[in-house]
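> This is the structure I have questions about; it appears just below.
Numbering (the numbering used here), first residue to last: 51 to 144.
This is the structure we're talking about:
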C-alpha cells in the first residue's frame, strides 16, 4: 500500500506603508542594526537616504506558503503587527 501526500503551494504578496515622524536614517538603523532591531522586533538577534524629518516606509513581501501550514493573509497580519511595533519604537525614540 502506498500513502499519497498531497502537496500545495500558495503564492501571496502584500504591501505595507507607514509615514513615520523620524529621519529615514533612523528607520534604516532600526532594520540594519541587530541591537536596535531586537528592541522592536522582539527577537534575538534599495534604500535611499536623504535629509528629512519624516520617513515613508514601504515594505513589500512576496511569499510562497507550502502545504497550507500558513497563508499570505496570516503572514500579512503578523507583519502588520511588527510594522506597528517598529513605528511605536521609532516614535518613542524621536
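Even for Gly, the Cβ is constructed at its ideal location relative to N, Cα and C.
Give the DSSP bridge partners of residue 63, in chain order.
Residue numbering aside, residue 63 sits at position 13 when the chain shown is read from its first letter. Bridge partners of residue 63: 112.
> Count the other C-beta atoms from every protein chain shown that fall within 10 angstroms of the C-beta of residue 116, then say buried if there are 16 or more, exposed otherwise.
Start at 1 with the first residue of the chain shown, and residue 116 comes out as number 66. Looking at its Cβ environment, which holds fewer than 16 other Cβ atoms inside 10 Å, residue 116 is exposed.
> Would you call residue 93 buried or exposed, if buried means 16 or more other Cβ atoms sit within 10 Å of its Cβ?
Position 43 of the chain shown, counting from 1, holds the residue named residue 93. Note that residue 93 scores a pLDDT of 48, beneath 50, so its modelled location is shaky; the value from the coordinates is reported in the next line. Its Cβ having fewer than 16 others within 10 Å, residue 93 is exposed.
> Excluding the five sequence neighbours on either side, which residues of its own chain have a C-beta within less than 6 Å of the C-beta of residue 110, listed in chain order?
For this step, residue 110 is matched to residue 60 along the chain shown. Closer than 6 Å at Cβ, skipping near neighbours: 65.
> Would you tell me roughly how many angstroms separate the C-alpha atoms of residue 67 and residue 56, rounded to the nearest one?
Residue 67 sits at position 17 when you count from the first residue of the chain shown. Residue 56 sits at position 6 when you count from the first residue of the chain shown. Distance between the alpha carbons of residue 67 and residue 56: 36 Å.
> Tell whether a beta-carbon distance below 9 Å holds between residue 105 and residue 73.
Position 55 of the chain shown holds residue 105. Position 23 of the chain shown holds residue 73. Contact: yes.
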